[in-house]
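Chemist: full-length UniProt numbering numbers the first residue of the sequence shown as 1 and each following residue consecutively.
Beta carbons are placed, not taken as given, at the ideal position from N, Cα and C, and that holds for glycine.
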Amino acid sequence: MNQSSYARFLNYINTIDAKSTASKLDSIEEALLNEVMVADSNGQNVLTGDLLKLEHISSQATLHGRIKNLVSSGYLNHKVDTVDGRKKFLVPTKLAFKRYEMLSKLMARAIAR
Numbered sequence: 001m002n003q004s005s006y007a008r009f010l011n012y013i014n015t016i017d018a019k020s021t022a023s024k025l026d027s028i029e030e031a032l033l034n035e036v037m038v039a040d041s042n043g044q045n046v047l048t049g050d051l052l053k054l055e056h057i058s059s060q061a062t063l064h065g066r067i068k069n070l071v072s073s074g075y076l077n078h079k080v081d082t083v084d085g086r087k088k089f090l091v092p093t094k095l096a097f098k099r100y101e102m103l104s105k106l107m108a109r110a111i112a113r
């Protein structure tokens with residue numbers, strides 16, 4: 001993808017975000033959601049604690065708040081481990097998959113143009 005394709009992709013995202021009634025994700029929420037989506041696509045589970053260790057993204061307190069936002073916004077759900085009830089996995093919802101499908105289509109459109 002060349003720079004102009006990427007610029008078109010970013011413009012498409014800005015246009016969609018401006019028209020969307022869904023809450024806009026900030027950069028920390030996007031990074032956390034990306035972590036969960038990549039893990040899910042690789043068949044891996046993500047514990048809430050795993051995301052709280054991502055200090056390169058933000059502080060633990062900030063990460064915890066953003067995880068709560070993603071759950072309340074409908075992008076992630078908690079799933080309690082059936083073996084160890086203390087463990088909570090984060091799983092993407094249909095809304096999260098819909099978001100990434102839309103992003104994939106926008107990227108393909110930006111490249112094709």
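Is the stretch 3-10 in contact with the stretch 27-45, if contact means three or more CB pairs nearer than 8 Å?
Modeler: No, the stretch 3-10 does not touch the stretch 27-45.
Chemist: Measure the CB-CB distance between L106 and P92 and report whether it falls below 9 Å.
Modeler: Going by C-beta atoms, L106 is not nearer than 9 Å to P92.
Chemist: Have a look at R109, Q44, A22 and flag the residue whose alpha-carbon is nearest the alpha-carbon of residue 162.
Modeler: What the structure shows of the chain is the stretch from 1 to 113, and residue 162 is not part of that stretch, so it cannot be assessed.
Chemist: For V83, does the three-state DSSP call read helix, strand or coil?
Modeler: Here V83 sits in coil by DSSP.
Chemist: Going by DSSP in three states, H78 sits in which element: helix, strand or coil?
Modeler: If DSSP states are grouped into helix, strand and coil, H78 belongs with the strands.
Chemist: With a threshold of 16 other CB atoms inside 10 Å of the CB of F97, please say whether the residue is buried or exposed.
Modeler: The residue in question, F97, is exposed, as its Cβ has fewer than 16 Cβ neighbours within 10 Å.
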